[in-house]
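J.: Here's a structure for you.
Structure follows, in structure tokens:
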């Protein structure tokens, strides 16, 4: 706002400095800003400092600092920041790398809603959380259906007892695959299931399944990409929508 008649704008003299609210620009934060400005030391030295400088650059309208800190954050390994925080930073400071945002949403959807903390939900915001809930529900329905209704076993010509072989396969699926699919915090993807089936040795499989049928079934399940790995298609579509969604 204009300073008013007969008054000079803040910051023109030492006797009338710019007033910065201490709730936003604390002494510690301002010292960090000065360290970056005058190159007193290597700044930022941590993710916390980069996040602080991002906030100050946006608040004080320092485009060069905003650009530098954005580049710093985007260059960090993805596992150095929780997905929800990556999404918040990308949206709050309008970061340029859309793939960075897509990967963060993918990481969230590859887990479960129960894995999200209160802090995660706050960072994501209510509108985004409302969009995530039906997506998680769809993924859970798919994994639950797959867990309780395994694909049929494939029987080879040397299989002497189809019924016994089938029971062994169903038992194996119930004991080894279903728990992975129904994990409350880290449910297995369809791709992980097919990879496990192709790499597991004979030992984990239930006794009684014909050896030839064992490998034929594993290959048959891996080929059912439209069923087993349908969760990945759900996630890709959902991520595209979430990236394009703006709630502020």
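Residue numbers (the numbering used here): 4 to 251. Positions of the beta carbon are idealized from the N, C-alpha and C atoms, including for glycine.
If we ignore side chains and look at the alpha-carbon of each, how far apart do residue 33 and residue 133 end up?
T.: Within the chain shown, residue 33 is the residue found at index 30, counting from 1. Within the chain shown, residue 133 is the residue found at index 130, counting from 1. In a straight line, the C-alpha of residue 33 is about 37 Å away from that of residue 133.
J.: So, at 8 Å on beta carbons, what are the nonlocal neighbours of residue 75 in its own chain, with the 5 sequence-adjacent residues on each side left out?
T.: As a first step, residue 75 is located in the chain shown; it is residue number 72 there, counting from the start. Cβ neighbours of residue 75 beyond the five flanking positions: 47, 53.
J.: Would DSSP call residue 32 helix, strand or coil?
T.: The residue you call residue 32 lines up with position 29 of the chain shown. In the structure shown, residue 32 sits in a helix (DSSP, three-state: H, G or I).
J.: Could you tell me the boundaries of the alpha helix (DSSP H) in which residue 66 lies?
T.: Within the chain shown, the letter at position 63 stands for residue 66. Note, residue 66: alpha helix (DSSP H), 66-77.
J.: From residue 190 to residue 152, what distance separates their C-alpha atoms?
T.: Position 187 of the chain shown, counted from the start, is the residue given in the question as residue 190. Position 149 of the chain shown, counted from the start, is the residue given in the question as residue 152. The straight-line gap from Cα to Cα measures roughly 16 Å.
J.: Alpha carbon to alpha carbon, how far is residue 149 from residue 28?
T.: Start at 1 with the first residue of the chain shown, and residue 149 comes out as number 146. Start at 1 with the first residue of the chain shown, and residue 28 comes out as number 25. C-alpha separation (whole angstroms): 53 Å.
J.: Please say whether residue 161 and residue 229 have beta carbons closer to each other than 8 Å?
T.: Numbered from 1 along the chain shown, position 226 holds the residue referred to as residue 229. Numbered from 1 along the chain shown, position 158 holds the residue referred to as residue 161. Against a cut-off of 8 Å, the Cβ pair of residue 161 and residue 229 comes out as no contact.
J.: Counting along the chain, where does the alpha helix (DSSP H) carrying residue 246 start and finish?
T.: For the purposes of this step, residue 246 is taken as residue 243 along the chain shown, with counting starting at 1. Its alpha helix (DSSP H) spans residues 233-247.
J.: If you drop the 5 nearest sequence neighbours on each side, which residues of the same chain put their C-beta closer than 8 Å to that of residue 115?
T.: Counted from its first residue, the chain shown places residue 115 at position 112. Cβ within range, chain order: 139, 143, 186, 187, 188, 189, 190.
J.: Applying the criterion that 16 or more other CB atoms from any shown protein chain within 10 Å of the CB defines a buried residue, is residue 89 buried or exposed?
T.: Translated into the one-based positions of the chain shown, residue 89 becomes position 86. Classification of residue 89: buried, given that the 10 Å Cβ count is 16 or more.
J.: In whole angstroms, what separates the C-alpha of residue 65 from that of residue 131?
T.: As a first step, residue 65 is located in the chain shown; it is residue number 62 there, counting from the start. As a first step, residue 131 is located in the chain shown; it is residue number 128 there, counting from the start. Going by the C-alpha atoms only, they are around 29 Å apart.
J.: Please report the distance separating the alpha-carbon of residue 193 from that of residue 50.
T.: Working through the chain shown from its first residue, we reach residue 193 at position 190. Working through the chain shown from its first residue, we reach residue 50 at position 47. Between residue 193 and residue 50, the alpha-carbon positions lie close to 34 Å from each other.
J.: Give me the Cα-Cα distance between residue 201 and residue 81, rounded to the nearest whole angstrom.
T.: As a working note, residue 201 is residue 198 in the chain shown. As a working note, residue 81 is residue 78 in the chain shown. Roughly 29 Å separates the two Cα atoms.
J.: Note down the Cα distance separating residue 249 from residue 241, rounded to an integer number of angstroms.
T.: Taking the first residue of the chain shown as 1, we reach residue 249 at position 246. Taking the first residue of the chain shown as 1, we reach residue 241 at position 238. Spanning the two alpha carbons is a distance of roughly 14 Å.
J.: For residue 69 versus residue 84, is the C-beta spacing smaller than 8 Å?
T.: What you label residue 69 is simply residue 66 of the chain shown in a count that begins at 1. What you label residue 84 is simply residue 81 of the chain shown in a count that begins at 1. No; because the gap between Cβ atoms is not below 8 Å, this pair is not in contact.
J.: Output yes or no for whether 8 Å exceeds the beta carbon distance between residue 157 and residue 232.
T.: Along the chain shown, one-based indexing puts residue 157 at 154. Along the chain shown, one-based indexing puts residue 232 at 229. Result no, Cβ atoms of residue 157 and residue 232 do not sit closer than 8 Å.
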